[in-house]
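To convert, take the position in the sequence shown, counting from 1, and add 2; that gives my numbering. Think of the CB as a built atom: it goes at the ideal place given N, C-alpha and C, for glycine as much as any other residue. For clarity, every value in this text was computed on a predicted model and none was experimentally measured. Notes follow the structure.
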Amino acid sequence: MTDPEFMDRAELLLAAVEASCDRINDESDADLDNQRVGGMVTLAFPNGSQIVVNLQKPLHEVWLAAQSGGYHYRFADGQWRDTKGGAEFFAQLSSDASAQAGQALVFS
3 MTDPEFMDRA
13 ELLLAAVEAS
23 CDRINDESDA
33 DLDNQRVGGM
43 VTLAFPNGSQ
53 IVVNLQKPLH
63 EVWLAAQSGG
73 YHYRFADGQW
83 RDTKGGAEFF
93 AQLSSDASAQ
103 AGQALVFS
């Protein structure tokens with residue numbers, strides 16, 4: 003994958019995370035705060051915990067940091083997949099956000 007291809011796909015991913023936060027806040031009382039600075043989106047939860055999604059441009063990876071741990075994702079076969087366990091990005095984000103929010107949240 004070229005650098006421009008990575009950036010296009012990664013920007014779409016970050017935009018989807020932001021849009022999911024807006025949708026979740028409209029549909030529930032989750033009260034997520036999301037802030038984007040450059041290639042990083044920070045999700046803040048009412049209990050003070052955070053999830054951070056950031057781009058690692060030189061590696062062509064997206065990193066996710068949550069209470070459960072840190073994950074590295076690469077784009078393959080149309081999806082962002084964890085480099086170790088193969089989990090899909092939005093499935094892991096949904097699981098971690100649900101655990102940290104104390105309620106079911108779905109990111110897509």
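- Excluding its 5 nearest sequence neighbours in each direction, PHE92 has C-beta neighbours in its own chain below 6 Å: PHE109 and SER110, listed in chain order.
- For SER22, same chain residues with a beta-carbon under 7 Å away, outside a window of 5 residues either side, are PHE109 and SER110 in chain order.
- A contact is defined here as three or more CB-CB pairs under 8 Å, and the segment 39 to 50 meets this definition with respect to the segment 10 to 21.
- The DSSP-derived three-state label of ASP98 is helix.
- Contact annotation: ALA67 and GLN102 have beta-carbon atoms that are not nearer than 8 Å.
- Straight through space, the alpha carbons of TRP65 and GLY72 are spaced by roughly 7 Å.
- Under DSSP, THR4 forms no beta bridge with any residue.
- Going by C-alpha positions, SER70 is about 23 Å away from ASN27.
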